Amino acid sequence: MKKFVFLSVLITVVIFFPEIVPAQDLTSLKEAFRNIRSVKAEFLQKRSLQILTKPLLSEGKLFFSMPDSLRWEYLSPLRSVMLRKGNNIQIYNFSDGIWKPELAQAVESRRMVLAEISDWFQGRFDESKAFKPSYSPGPPERVILVSREGINKFINKIEIVLSVRPGVIDRVEIEEPGGSRTLIEFKNVEINSSLPSEVFEKP
Amino acid sequence: MIRRKGLHICLLGFLILSIGCVPMSRTTPSPGSPEDLSHCYAIFPAKPWESVHRIEATLGGSFSSLIGVTKGEPSERRLQSILLSPEGFVLFDAELREDGVAVRKAVAPFDSTAFARGLMEDVTLLFLPPKVNPAIWKKEMDGTMICKWEGLDNSHVEITGSMDSGWRIVRRDKYGEVTKEIVLSGPFLNGLASRIEYRAFKPAPYTLRMTLIQASP
Chain A
1 MKKFVFLSVL ITVVIFFPEI VPAQDLTSLK EAFRNIRSVK AEFLQKRSLQ ILTKPLLSEG
61 KLFFSMPDSL RWEYLSPLRS VMLRKGNNIQ IYNFSDGIWK PELAQAVESR RMVLAEISDW
121 FQGRFDESKA FKPSYSPGPP ERVILVSREG INKFINKIEI VLSVRPGVID RVEIEEPGGS
181 RTLIEFKNVE INSSLPSEVF EKP
Chain B
204 MIRRKGLHIC LLGFLILSIG CVPMSRTTPS PGSPEDLSHC YAIFPAKPWE SVHRIEATLG
264 GSFSSLIGVT KGEPSERRLQ SILLSPEGFV LFDAELREDG VAVRKAVAPF DSTAFARGLM
324 EDVTLLFLPP KVNPAIWKKE MDGTMICKWE GLDNSHVEIT GSMDSGWRIV RRDKYGEVTK
384 EIVLSGPFLN GLASRIEYRA FKPAPYTLRM TLIQASP
């Protein structure tokens with residue numbers, strides 16, 4: 001009887017509180033992200049450069065919709081937005097009261113970045129061409145992406161720290177050669193809310 | 204009569220040519236009063252400093268937004284300048300030292316030698332005073348300073364203005380044509396202008412609108 005009660009409690013916990021069961025590896029982590037259809041969040045970015053005494057703070061919003069729509073928008077200190085919908089990438093900067101398109105060359109250079117971020121929100125860390133992923137159970141759970149040849153000129157590694165809520169990223173820490181760092185903290189994260197498609201099409 | 208008229212035209216032509224060949228009259232240097240000299244340097248930070256600017260660049264009809272980070276050591280005439288994308292990627296990182304410009308990182312389209320040289324010249328014009336004292340300086344009744352430096356290549360740098368009304372820096376080439384014009388608007392934080400409008404005319408025209416985001420100390 002005692003054994004039955006214990007098993008019942010265990011099953012109840014696993015069914016109703018799946019977040020307390022940590023993923024064992026990158027494959028099971030991907031399972032945790034399987035129910036994510038969309039993500040809406042605000043973020044605070046702290047950019048630490050060796051030549052700056054104080055970090056540079058940026059604030060913004062992100063919108064993600066399965067499988068490959070992303071809006072990454074900065075509200076301050078520069079108003080700028082990167083839009084991805086499938087293979088279509090657009091970047092706009094806000095100036096003189098209007099959105100102005102970014103140089104074509106600058107748009108292309110962000111293609112890989114936006115694709116990587118889209119993969120993160122689907123838990124597809126093991127599909128990266130630019131980084132070699134590994135999993136750390138924590139707590140907190142984290143995915144460590146070590147740069148492959150080529151990208152290591154710009155980034156040493158990226159640590160993606162996961163929330164206890166399945167499929168939610170708490171923060172991203174980026175380490176560059178030369179000691180510069182970027183910390184992106186997400187807040188007010190909404191999962192699976194309805195996002196109109198024009199969020200990913202128009203600035 | 205026709206012959207005489209032709210002679211007059213010839214003389215007139217000769218006169219015009221003669222005037223054209225006379226070298227541009229150079230103002231005799233007449234330095235102002237020593238107590239006003241320091242005002243010529245008011246827009247250049249005197250102590251080590253760092254700044255972050257929002258930059259809106261217009262070049263050949265294209266527009267780009269960037270973040271500019273600059274650190275200066277005025278006593279050593281050293282400047283480090285970093286250009287970041289709005290997301291914070293380092294696109295360009297270079298240092299101006301006594302022995303020249305050292306580029307640490309440069310990503311296309313900011314990876315040419317000409318770009319590095321041009322950018323560091325712009326940063327120098329903005330944040331470091333010319334190495335020598337101005338040839339001429341004057342303080343007007345309303346407090347406006349007029350300072351003029353002469354370069355070895357016969358180029359000129361003129362700085363006019365005041366902390367109240369803002370400042371204007373003009374660089375002219377040896378022909379007297381304006382190559383760069385910078386308007387600095389207050390309020391000024393540790394000598395750094397809140398807003399800068401930088402217009403380059405030669406060799407390639409471009410405009411930079413810079414807004415001070417943070418400054419230290």
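Protein chains in written order, with the numbering used here: chain A, 1 to 203; chain B, 204 to 420. C-beta atoms are modelled at their ideal positions from N, C-alpha and C, and glycine is treated no differently. Please read all numbers here as calculations on a predicted model, not as lab measurements.
For A:Ile-151, the closest C-alpha among the options A:Ile-144, A:Arg-165, A:Ala-130 and A:Leu-162 is that of A:Ala-130. When DSSP states are grouped into helix, strand and coil, B:Ser-278 belongs to the helix group. B:Leu-240 is not bridged by DSSP to any residue.
Looking at the DSSP output, B:Val-381 sits in a beta bridge with B:Arg-375. For the options B:Asp-345, B:Tyr-244, B:Gly-264 and B:Ile-285, the alpha carbon positioned closest to that of B:Gly-271 is the one of B:Ile-285. Think of a sphere of 8 Å around the beta carbon of A:Ile-51: the chain B residues whose beta carbon falls inside it are Glu-253, Val-272, Lys-274, Gln-283 and Ile-285, in chain order. Under the 10 Å beta carbon count, A:Ile-91 is surrounded by 16 or more other beta carbons and is classified as buried.
Between the segment 79–94 of chain A and the segment 263–277 of chain B there are three or more C-beta pairs closer than 8 Å, enough to call the two in contact. Taking 9 Å as the cut-off, the Cβ atoms of A:Glu-42 and A:Gly-60 count as close. Using a CB distance cut-off of 9 Å, B:Val-306 does not count as an interface residue toward chain A. In the three-state reduction of the DSSP assignment, A:Ile-117 falls in the helix class, which pools H, G and I. In this structure, DSSP gives B:Phe-266 an extended state, which the three-state scheme calls strand. Taking a C-beta distance under 9 Å as the contact criterion, B:Thr-410 and B:Leu-262 qualify as a contact pair. Listed along chain A, no residue sits closer than 9 Å to B:Ala-403 by beta-carbon distance, the nearest being about 18 Å off. When C-alpha distances from B:Glu-301 are compared across B:Arg-280, B:Glu-343 and B:Ser-288, the shortest belongs to B:Arg-280.
In terms of beta-carbon proximity, A:Gly-178 lines the interface with chain B, with at least one pair separated by less than 9 Å. Nearest Cα to B:Pro-289 within the set A:Ile-98, A:Arg-37 and A:Gln-45: A:Gln-45.
The straight-line gap separating the alpha-carbon atoms of A:Ile-89 and B:Leu-395 is approximately 37 Å. For A:Ala-32, the enclosing alpha helix (DSSP H) covers residues 26–32. In chain order, Pro-77 and Leu-78 make up the part of chain A whose C-beta sits under 9 Å from the C-beta of B:Arg-257.
The Cβ of B:Phe-292 sits closer than 9 Å to at least one Cβ of chain A. If you draw a 10 Å sphere on the C-beta of B:Arg-307, you find fewer than 16 other C-beta atoms in it, and that means exposed. Counting along the chain, the unbroken beta strand (DSSP E) around B:Ser-397 starts and ends at 395–403. When the alpha-carbon of A:Ile-160 is set against those of A:Lys-202, A:Ser-193 and A:Val-172, the nearest one is in A:Val-172.
Between the segment 249–263 of chain B and the segment 79–88 of chain A, the count of Cβ pairs shorter than 8 Å is below three; the stretches do not touch.
Those residues of the segment 123–137 of chain A placed with their C-beta closer than 7 Å to a C-beta in chain B do not exist. Within chain B, the residues whose beta carbon sits less than 7 Å from that of A:Leu-103 are Ser-265 and Ser-267, listed in sequence order. 9 Å or more divides the Cβ of A:Gly-179 from the Cβ of A:Leu-162. For A:Lys-54, the closest Cβ of chain B is nearer than 9 Å. When the Cα atoms are used, A:Pro-177 and B:Glu-384 turn out to be separated by approximately 37 Å.
Annotation: A:Asp-170 to B:Gly-369 spans about 45 Å, alpha carbon to alpha carbon.
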